[in-house]
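Take the sequence shown: its position 10, counted from the start at 1, is 66 in the numbering used here, and no numbers get skipped. Positions of the beta carbon are idealized from the N, C-alpha and C atoms, including for glycine. Please read these numbers as outputs of a predicted model, since none were measured by experiment. Each remark here refers to the structure printed beneath this line.
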Amino acid sequence: MIIYPAIDIIDGNCVRLSKGDYSLKTIYSDNLESIAKNWIHNGTKFLHIVDLDGAKAGNPVNIENILEIRKLFPEIFIQIGGGIRTIETIEKYLNHGIDRIILGTKILKNKEFILSLNESLRNRIAIDIAVKDGNLAGDGWENTEKQDIQSFIEFLEQNGIKMFVITDISKDGMMDGINETSINTILNYITTNAIISGGVTTLNDVTTILAMNRSKINGMIIGKALYENKIILSEAINECS
Numbered sequence: 057m058i059i060y061p062a063i064d065i066i067d068g069n070c071v072r073l074s075k076g077d078y079s080l081k082t083i084y085s086d087n088l089e090s091i092a093k094n095w096i097h098n099g100t101k102f103l104h105i106v107d108l109d110g111a112k113a114g115n116p117v118n119i120e121n122i123l124e125i126r127k128l129f130p131e132i133f134i135q136i137g138g139g140i141r142t143i144e145t146i147e148k149y150l151n152h153g154i155d156r157i158i159l160g161t162k163i164l165k166n167k168e169f170i171l172s173l174n175e176s177l178r179n180r181i182a183i184d185i186a187v188k189d190g191n192l193a194g195d196g197w198e199n200t201e202k203q204d205i206q207s208f209i210e211f212l213e214q215n216g217i218k219m220f221v222i223t224d225i226s227k228d229g230m231m232d233g234i235n236e237t238s239i240n241t242i243l244n245y246i247t248t249n250a251i252i253s254g255g256v257t258t259l260n261d262v263t264t265i266l267a268m269n270r271s272k273i274n275g276m277i278i279g280k281a282l283y284e285n286k287i288i289l290s291e292a293i294n295e296c297s
């Protein structure tokens, strides 16, 4: 089970939002390198990085900052999301050494886009299943689409997608724990692999996720709880090992 420390970027700063609301932004650092270095120093070999400006704009905004982190820490597994809407952007990230691409809005609005990617690209793609008020959310989680979640996941799995990120937006950044029911509902639709995100606040949340379907869950993303020292990264990693 992998712990993915989250680095969310707005205007080159490391931030955390509450429920994906851009107006509820807390800035933790203007030095992305130091944030990444700190999580690596505390034992991680994985980073989850989101270009929040890109997610809202529909195209990469902080790509140079992200690729600089890639360059500085070549041994770390890095997955990227936010504003990735074209094959060219996917290939640019992958050609610069990014390990996994997370697609959200592009697939939500046009799931057939996945058919334009060859098998090697699909193997390095995860799809964001971000749920807001029972619907899938995109455009930086600001808008929702009325689409059947189960059939959406089935289509993607049938076409070579093997990794999903499950996010309960109502819990993201709120520091009040995970929604186990919501997570299990989405997990029941998935036959491949998932990463859990949203509301991981204490070590109890970590152990709760560990007790879920281990055959499907690859890991969990932790953001605000790390920055607020509610979870010590090294302790969470030890718990998962």
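Asked	Found
When you compare the CB positions of Lys227 and Gly255, do they come within less than 8 Å of one another, or not?	yes
Quick one: complete beta strand (DSSP E) runs, 3+ long, within the region 117–152?	133–137
Go ahead and label Ala267 buried or exposed: buried means 16 or more other beta carbons lie within 10 angstroms of its beta carbon, across all protein chains shown.	exposed
With contact counted as at least three CB pairs below 8 Å, one residue from each stretch, are the region 116–130 and the region 199–212 in contact?	no
Three-state secondary structure (DSSP) at Gly110?	helix
Going by other Cβ atoms of all chains shown within 10 Å of its Cβ, with 16 needed for buried, is Gln214 buried or exposed?	exposed
With DSSP as the reference, please indicate the residues paired to Ala193 in a beta bridge.	Thr200
Report all residues from its chain with a CB closer than 6 Å to the CB of Ser253; omit the five preceding and five following residues, and keep chain order.	Val221, Thr223, Ile277
If you draw a straight line from the C-alpha of Leu243 to the C-alpha of Thr142, how long is it?	28 Å
Pick out whichever of Glu89, Gly194, Gly68, Tyr60 has its Cα sitting closest to the Cα of Lys75.	Gly194
Measuring only the C-alpha atoms, how far is Ile91 from Leu282?	11 Å
Within 10 angstroms of the Cβ of Asn69, are there 16 or more other Cβ atoms? Answer buried if so, exposed if not.	buried
In whole angstroms, what separates the C-alpha of Thr258 from that of Lys286?	6 Å
Which runs of the alpha helix (DSSP H) spanning at least 4 residues fall entirely within the region 196–271, listed in chain order?	205–214, 236–243, 259–266
Could you say which of His97, Asn174, Thr161 lies nearest to Ile183 if we only look at CA atoms?	Thr161
I need the straight-line Cα distance from Gly216 to Lys167, nearest angstrom please.	12 Å
Are the CB atoms of Phe129 and Ile58 within a distance shorter than 8 Å?	no
Please list, in chain order, all residues of the same chain as Arg156 whose beta carbon is under 8 Å from its beta carbon, the five residues on each side excluded.	Phe133, Ile134, Gln135, Ile136, Arg180, Ile181, Ala182, Met219
Taking the C-alpha atoms as reference points, what is the distance between Ile185 and Asp109?	19 Å
Considering Cα atoms alone, identify which of Asn249, Thr241, Leu164, Thr263 is closest to Gly233.	Thr263
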